[in-house]
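> Below is the structure I would like to discuss, written out as structure tokens.
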Amino acid sequence: MGRTTRDSDSPTDRGTGGPDPSGAAPGADPARTRRRGPVIAALMLGMALAALDSTIIATAVPQIVGDLGGFAVFSWLFSGYLLAVTVTLPVYGKLSDTFGRKPVLVTGIVLFLVGSLACAGAWDMASLIAFRVLQGLGGGALQGTVQTIAADLYPMKERPKIQAKLSSVWAASSVAGPALGGLLATFAGWRWIFLVNVPVGAVALWLIVRHFVEDERGGRGRPARQSGAPARRPRVDWPGALAVFACGGLLLTALVQGGVAWAWLSAPSLLLFAGSAVCAAGTVLIERRAAEPIIPGWVWRRRTICAVNLALGALGLLIVAPTVFLPTYAQSVLGLGPTAAGFVLSAMTLSWPLSAALSSHVYRRIGIRNCSMLGIGTACLILLAFPLLPYPGAAWQPALIMLALGAAIGLFQLPLIIGVQSSVCYAERGTATASILFCRQVGQSFGAALFGAIANATLNDRLAHAPSAIRPGLPDDLDAASRALEHAGTLTAQAADYLRRAVAITVDHVYIGAATAAALALTALLLLAPRRFPVHADARTGESGQTRTGEGEQPGGT
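Numbering (the working numbering), first residue to last: 8 to 565.
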């Protein structure tokens, strides 16, 4: 395994090599391409597919349920996809380090397309849920491997640009998903929601097969075989993969369904949490004995990766507040329609990629850790400002909050991802990237459960203390309150105003919880992250001017 270098290393530690005719950075990247542009186009198409299918069916549920039935279990159309994506991220990360990025990405695209075609042909809700899980198995490969290949293709200095582009694609696709799904379901039929993936995925697959060529050794992190030496057959820790899948599946099922399909302290929740704990213990035992573990111990032993895993787990928790609860606030409190509410949320997706693209100018001056701490600290203050908005207020006020929040998160997330990817060699980059994406996804699932419980508890308390004259006609949970306010004619003016204020206070409490998550991320970076992120030789450009710019820091820039 290649040695890890820091900013203070001597010039002899930098990468070497002349200009690469493929267009990749000299002496930096094992992944070689005939033309880098088509590969980047394929990566962006793959990222768009993974993001679209996490949200595109949200507005088509009435048509799907009306056709297939299964109203009691339709939430698994979302949960099944999320579970499959999340629990397969570590597995695909390790497989990409073992067998190379290309076979994993090609397999992921094929699985995703097969799942999409199967979803379009589903005959009942059970089959559609099963095919959504199959789609998620491909989505996990897309989400993790796309990020890893982007890091392979670009040296550290150029990574903010490509990662910002991928962030833009993810944000735009996630926001456009519900609108596109609603249009297709209304004018073409809900099955076209899945069929539209086929031409897009086919183009991405052709571009990858045609233009993406990896080093024959699979990467610089894996040394070339000596002449006459027997080839070492790659090992796959399948027992570990199954253990990770089982542990993650049980835990995420408990988080996603707890408080929704059953009570938190009910037998199903307790059994799922107990089962996930047992599987976690079994996973640790299996991974300790495995020659090539799916989740190696170094993922948590290295301060850099451990700190970023915890910080991005907190980010996943934090991001639930705006993405899940802001649309409810915009529609129920501000009285906006679904489209206008989407525009309020989309303000964050405008500033996030732009800030991420510009973050390199900041972390080269003050360091990756300080740049990320600045971003998450600012995000904490912005989230705390949300409860200070006037009631009922105007739409531009929460939109401005979201614009500022996106800018702060752009300074926080992207430098950490680049820092982790640049701290490891090629043979570890897939695993390291998958670990931070996995922690972010788990944090998001935990945040949905936690903030859902906070929201329902707050609203129930407000409704329980409502004036006796209006209490009998009030709903009993957040979803019911949103529906009641959509048809406010069924409520008296006093009851409608009280309910709007109750929803506003509920969302305020959720944002305070999100600010707490931001504080936890800040604490993780402050206590665990190194002052200077280590930079592996694979991440360098090979240019003499870059020999002391591991983070792009000036001397004393920590």
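Ideal placement from N, C-alpha and C gives every residue a C-beta, glycine not left out.
Quick one: grab the DSSP three-state call for Val-220.
Locating residue 220 in the sequence shown gives position 213, counting from the first residue. In the structure shown, Val-220 sits in a strand (DSSP, three-state: E or B).
> Around the Cβ of Tyr-398, are there at least 16 other Cβ atoms within 10 angstroms (buried) or fewer (exposed)?
Sequence index remark: in the sequence shown, residue 398 carries index 391 (1-based). Label assigned to Tyr-398: exposed.
> Let me make sure I understand the geometry here. Which of Asp-60, Thr-114, Gly-400 has the alpha-carbon closest to that of Gly-188?
Position 181 of the sequence shown, counting from 1, holds the residue named residue 188. When only C-alpha atoms are compared, the closest one is Asp-60.
> With DSSP as the reference, label Trp-271 as helix, strand or coil.
Position 264 of the sequence shown holds residue 271. Trp-271: coil per DSSP, three-state reduction.
> Among residues of its own chain, excluding the 5 on either side of Phe-138, which ones have a beta-carbon nearer than 7 Å to its beta-carbon?
Along the sequence shown, one-based indexing puts residue 138 at 131. Counting only Cβ-Cβ distances below 7 Å, and skipping sequence neighbours, we find Gly-122, Ala-125, Cys-126, Ala-129.
> With a CB to CB cut of under 8 Å and the five nearest residues on each side skipped, what residues in its chain are close to Arg-309?
As a working mapping, residue 309 is identified with position 302 in the sequence shown. So the list reads Ser-430, once near-sequence residues are dropped.
> Applying the criterion that 16 or more other CB atoms from any shown protein chain within 10 Å of the CB defines a buried residue, is Leu-481 buried or exposed?
Within the sequence shown, residue 481 is the residue found at index 474, counting from 1. Per the 10 Å Cβ criterion, buried.
> Taking the alpha helix (DSSP H) that Ala-3 falls in, what are its first and last residues?
Residue 3 falls outside the range modelled here, since the chain spans only 8 to 565, and no answer is possible.
> Note the first and the last residue of the continuous alpha helix (DSSP H) segment covering Pro-246.
The residue you call residue 246 lines up with position 239 of the sequence shown. Start and end: 245-264.
> Under 8 Å, Cβ to Cβ, is there at least one residue of chain D near Arg-242?
Absence of chain D from the displayed structure is noted, only one protein chain being present.
> Please classify His-543: does DSSP put it in a helix, a strand, or coil?
As a working note, residue 543 is residue 536 in the sequence shown. Looking at His-543 - three-state DSSP - the assignment turns out to be strand.
> Three or more C-beta pairs closer than 8 Å, one from the region 317-332 and one from the region 452-462: is that the case here?
Contact between the region 317-332 and the region 452-462 is present, because at least three Cβ pairs lie under 8 Å.
> Can you give me the C-alpha to C-alpha distance between Cys-446 and Ala-473, rounded to a whole angstrom?
By one-based count along the sequence shown, residue 446 stands at place 439. By one-based count along the sequence shown, residue 473 stands at place 466. If I take the Cα positions, the gap works out to 40 Å.
> Within 10 Å of its beta-carbon, does Met-409 have 16 or more other beta-carbons around it, so buried, or fewer, so exposed?
Your numbering for residue 409 matches position 402 in the sequence shown. Under this definition Met-409 is a buried residue.
> To which residues of the same chain is Cys-387 closer than 6 Å at the C-beta, ignoring the five residues directly before and after it?
Along the sequence shown, read from residue 1 onward, the residue named residue 387 stands at position 380. Around Cys-387: Ala-522, Ala-525, Ala-526.
> Look at Ala-364 and Lys-168 and say whether their C-beta atoms are less than 8 Å apart.
Numbered from its first residue, the sequence shown carries residue 364 at position 357. Numbered from its first residue, the sequence shown carries residue 168 at position 161. Against a cut-off of 8 Å, the Cβ pair of Lys-168 and Ala-364 comes out as a contact.
> Just to confirm, is the Cβ distance from Leu-423 to Leu-257 under 8 Å?
Here residue 423 corresponds to residue number 416 of the sequence shown, with the count starting at 1. Here residue 257 corresponds to residue number 250 of the sequence shown, with the count starting at 1. No, the pair does not count as a contact, with Cβ atoms beyond the cut-off.
> Just how far apart, CA to CA, sit Pro-275 and Ala-402?
Position 268 of the sequence shown, counted from the start, is the residue given in the question as residue 275. Position 395 of the sequence shown, counted from the start, is the residue given in the question as residue 402. The alpha-carbon atoms of Pro-275 and Ala-402 are separated by roughly 41 Å.
> Going along the chain, which residues of its own chain have a beta-carbon closer than 6 Å to the beta-carbon of Val-140, five neighbours each way excluded?
By 1-based counting over the sequence shown, the position of residue 140 is 133. The residues are Gly-87, Ala-91.
> Closest by CA to Arg-108, which one among Phe-119, Ser-134, Glu-435, Phe-453?
To locate residue 108, count along the sequence shown from 1; it is residue 101. Looking at the Cα atoms, Glu-435 is the closest of the given residues.
> Check whether the Cβ atoms of Leu-418 and Ser-362 lie closer than 8 Å to each other.
Sequence index remark: in the sequence shown, residue 418 carries index 411 (1-based). Sequence index remark: in the sequence shown, residue 362 carries index 355 (1-based). The answer is yes: Cβ separation under 8 Å.
> Within the continuous alpha helix (DSSP H) that includes Leu-325, where are the two ends?
On the sequence shown, position 318 is the one that residue 325 refers to. Counting along the chain, the alpha helix (DSSP H) containing Leu-325 begins and ends at 310-327.
> Looking at C-beta atoms only, is the number of pairs between the region 350-359 and the region 495-511 that lie closer than 8 Å three or more?
Touching, no, given that fewer than three Cβ pairs across the two stretches are closer than 8 Å.
> I'd like the list of long-range same chain contacts for Ile-200, defined as Cβ closer than 7 Å, with 5 residues on each side in sequence excluded.
Position 193 of the sequence shown, counting from 1, holds the residue named residue 200. Correct list, in chain order: Ile-63, Ile-64, Ala-67, Gly-188, Leu-191, Ala-192.
> Are the Cβ atoms of Ala-314 and Leu-96 separated by less than 8 Å?
For this step, residue 314 is matched to residue 307 along the sequence shown. For this step, residue 96 is matched to residue 89 along the sequence shown. Cβ distance not < 8 Å, so Ala-314 and Leu-96 don't count as in contact.
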